[in-house]
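Everything below concerns the one structure shown next.
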Amino acid sequence: MATFTVPTRDEVSAQNQQLFDNLQKGLGFVPNLYATFGLSENGLGAYLAFQQSQTKGAFRAKEREAVNLAVSQANNCIYCLAAHTALGKMNGFTDEQILQLRAGYADFDPKLDALVKLTKAITETKGHPAPELIDNFIAAGYAQSALVDLLLLIGDKIISNYLHSTTQIPVDFPAAPVLETVEL
171 MATFTVPTRD EVSAQNQQLF DNLQKGLGFV PNLYATFGLS ENGLGAYLAF QQSQTKGAFR
231 AKEREAVNLA VSQANNCIYC LAAHTALGKM NGFTDEQILQ LRAGYADFDP KLDALVKLTK
291 AITETKGHPA PELIDNFIAA GYAQSALVDL LLLIGDKIIS NYLHSTTQIP VDFPAAPVLE
351 TVEL
């Protein structure tokens, strides 16, 4: 397999250098996964714009992190699990809650439970969840329009999961704990 190297600021286009500078200012560093998007002239800007657009959807930050954790676990992406475990804690989830969300349930919050169960099923079945999971999502208080936003969030996370899985660039966040198999 080809070896992918995380590009430095000097190795990307002028347009991507500006994005690297913005990430450096906002986050204090340029995460390796974002830097890897910078291999493409178009990739980093397009991905950041798509990701930013998700903040205008139906879900608040905590719900978006729940989705990110469930999708990343379903895709077994160690990079995104590490990053979103850190972000999940920043959004107020406990270690136990993060493990539940990764497993695809949330017994601490019925609305999040419906969200992550549907998220996990959509991801694992490639868009063919059981109808009752969609019904439960709606019954939990989500509008039908939120289903569209959910699919956008899942797609966003699948893109980053797949980028890491195919490039195997180094993880620059503390490793997420191993998830024990949980039977629901």
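Count the sequence shown with my numbering and you get residues 171 to 354, in order.
Cβ coordinates follow ideal geometry from the N, Cα and C atoms, glycine included.
Cα-Cα separation, residue i to residue j
i       : j       : result
Lys-232 : Glu-211 : 31 Å
Leu-218 : Asp-191 : 13 Å
Leu-303 : Cys-250 : 25 Å
Lys-226 : Glu-181 : 32 Å
Gln-221 : Arg-179 : 21 Å
Leu-354 : Asn-238 : Reliability fails at Leu-354, whose pLDDT of 49 lies under 50, so the model's placement of it is uncertain and no value is given.
Thr-175 : Met-260 : 29 Å
Cys-247 : Gln-267 : 19 Å
Ala-316 : Pro-301 : 16 Å
Endpoints, the alpha helix (DSSP H) within which residue i is located
i       : result
Gln-270 : 265-273
Met-356 : Residue 356 lies beyond the range of the chain shown here (171 to 354); nothing can be said about it.
His-334 : 314-337
Val-237 : 231-244
Ala-291 : 280-294
Lys-195 : 184-197
Leu-209 : Run containing Leu-209: none; DSSP gives neither H nor E here.
Pro-301 : 301-309
Residue environment, residue i, which counts as buried when at least 16 other CB atoms sit within 10 Å
i       : result
His-334 : buried
Gly-208 : buried
Pro-177 : buried
Ala-205 : buried
Distance cut-off 7 Å: residue i Cβ against heavy atoms of the ligand GDP
i       : result
Gln-187 : With respect to the ligand GDP, the structure shown offers nothing to examine, as it has no ligands at all.
Residues of its chain near residue i, where Cβ-Cβ distance is below 7 Å and the 5 sequence neighbours each way are ignored
i       : result
Asp-277 : Gln-270 and Asp-283
Arg-234 : Gln-224 and Leu-323
Gly-274 : Ala-240, Val-286, Lys-287 and Lys-290
Thr-336 : none
Cβ-based neighbour list, residue i, same chain, cut-off 6 Å, excluding 5 preceding and 5 following
i       : result
Ile-329 : none
Ser-183 : Glu-211
Val-244 : Residue identity differs from the one stated: residue 244 is Ala in this sequence, not Val. So the qualifying residues of the chain are Lys-290, Thr-293 and Glu-294.
Tyr-312 : none
Whole-number beta carbon distance between residue j and residue i, since they are thought to touch under 8 Å
i       : j       : result
Val-241 : Thr-289 : 6 Å
Gly-215 : Gln-185 : 7 Å
Arg-272 : Leu-193 : Not confirmed; about 25 Å, so no contact.
Asp-326 : Phe-229 : The Cβ separation is near 11 Å, so there is no contact.
Residues of its chain near residue i, where Cβ-Cβ distance is below 8 Å and the 5 sequence neighbours each way are ignored
i       : result
Leu-203 : Tyr-249, Cys-250, Ala-253, Ser-330, Leu-333, His-334 and Ile-339
Asp-342 : Phe-199, Pro-201 and Asn-202
Asp-265 : Lys-259 and Pro-347
Interface flag, residue i vs chain B, CB-CB below 8 Å
i       : result
Pro-280 : The structure shown contains no chain B, having only a single protein chain.
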